[in-house]
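Just so we're aligned, residue 140 is where the sequence shown starts under this note's numbering, counting upward by one.
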Amino acid sequence: MKIKKAAFAGSSTTLKGRPGRRFPEIAFIGRSNVGKSSLINMLCSDAQKLTKGKELARTSSSPGKTISINHFLINDSWYLVDLPGYGYAKLSGKQRDELARMNNEYIGGSAELATLFVLLDSRLPLQKVDLDFISALGEEGIPFSIIFTKADKPRKNELEKNIASVKKSLSEYWEELPPIFISSSEKKTGKDEITAYIEKVLKLIN
Numbered sequence: 140m141k142i143k144k145a146a147f148a149g150s151s152t153t154l155k156g157r158p159g160r161r162f163p164e165i166a167f168i169g170r171s172n173v174g175k176s177s178l179i180n181m182l183c184s185d186a187q188k189l190t191k192g193k194e195l196a197r198t199s200s201s202p203g204k205t206i207s208i209n210h211f212l213i214n215d216s217w218y219l220v221d222l223p224g225y226g227y228a229k230l231s232g233k234q235r236d237e238l239a240r241m242n243n244e245y246i247g248g249s250a251e252l253a254t255l256f257v258l259l260d261s262r263l264p265l266q267k268v269d270l271d272f273i274s275a276l277g278e279e280g281i282p283f284s285i286i287f288t289k290a291d292k293p294r295k296n297e298l299e300k301n302i303a304s305v306k307k308s309l310s311e312y313w314e315e316l317p318p319i320f321i322s323s324s325e326k327k328t329g330k331d332e333i334t335a336y337i338e339k340v341l342k343l344i345n
């Protein structure tokens, strides 16, 4: 699949606030500073060329910039959904609770959600907050995949070691691991694999 057209379709804090037009939804979520906005912009980079380089998702060195559910209409046929994320240590307890409410309501309530991509930092071992989140998805039967981000940062042998470690940790809880992708927004690694998988998911539900 090639993303030729991408446009902001709306921002909301409740399930009812989503765009009125219903299309299949492919959502992205991750822990603080995992590189979610950069990944989204990388996946949509071909469409950005047609919009004079304007990026879809707002990137920042300060974590926690996504504080609402953002829908982007892709190729006039499906939504890319940018979720607020989890594990923002710098936010107040009240703010974290509100983001958790938004995520839980959306993930558990959107009938259009086709799959959820959970982003993990390839430089780190499996974090408890990630394991807790992934385990909750499994308990609720939410279809999801894993994307390891920032694959250009560690050395190749370190990257392979880190990913193998995370897989081993997950295997202690899962008999069969979900689809796993490796990405780098800087080098556009994983772009074709991720968009091809999205195309496969969309075909299965149509």
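All residues carry an ideal CB built from backbone N, CA and C; glycine is no exception.
As the structure is a computational prediction, the values presented were derived from the model and not from experiment.
Exercise. Could you spell out the range, first to last residue, of the beta strand (DSSP E) harbouring ILE285?
Key: Start and end: 283-288.
Quiz prompt | Nearest-angstrom Cα separation, counted from ASN243 out to ARG170 | solution = 15 Å
Quiz item: If you count every other CB in all the chains shown that lies within 10 Å of the CB of ASP269, and 16 or more means buried, which is it?
Solution: buried
Quiz item: Among residues of its own chain, excluding the 5 on either side of ILE337, which ones have a beta-carbon nearer than 7 Å to its beta-carbon?
Solution: MET140, ILE165
Practice problem: With hydrogens ignored, establish whether the beta-carbon of PHE211 is closer than 8 Å to any heavy atom of the ligand SAH. | Solution: For the structure depicted, the ligand SAH is absent and the ligand set is empty, with no information on it obtainable.
Exercise. Please go through the same chain and pick out, in chain order, the residues whose beta-carbon is closer than 7 Å to the beta-carbon of LYS326, but skip the five residues on each side of it.
Key: Around LYS326: ASP291.
Quiz prompt | Whether ALA186 touches ALA253 by CB criterion (9 Å) | solution = Result no, Cβ atoms of ALA186 and ALA253 do not sit closer than 9 Å.
Quiz item: Got a sec, what are the start and stop residues for the alpha helix (DSSP H) SER218 sits in?
Solution: Position check: residue 218 holds Tyr in this sequence, whereas Ser was assumed. Where TYR218 is concerned, there is no enclosing alpha helix (DSSP H), although the beta strand (DSSP E) it sits in stretches over 217-221.
Quiz item: Are there 16 or more other CB atoms within 10 angstroms of the CB of LEU258, so buried, or fewer, so exposed?
Solution: buried
Quiz item: Given a threshold of 16 other Cβ atoms within 10 Å of its Cβ, counted over all protein chains shown, does ASP331 qualify as buried or as exposed?
Solution: exposed
Quiz item: Can you tell me whether DSSP reads ARG240 as helix, strand or coil?
Solution: helix
Quiz item: Applying the criterion that 16 or more other CB atoms from any shown protein chain within 10 Å of the CB defines a buried residue, is TYR312 buried or exposed?
Solution: exposed
Quiz item: Per DSSP, what kind of secondary structure is ILE247 in: helix, strand or coil?
Solution: In the sequence on display, residue 247 carries Gly and not Ile. Here GLY247 sits in helix by DSSP.
Exercise. Would you give the residue range spanned by the beta strand (DSSP E) that PHE167 belongs to?
Key: 164-169
Exercise. Could you name the residues of the same chain whose beta carbon sits closer than 8 Å to that of PRO264, not counting the 5 residues immediately before and after it, in chain order?
Key: Closer than 8 Å at Cβ, skipping near neighbours: ASN301, SER304, VAL305, SER308.
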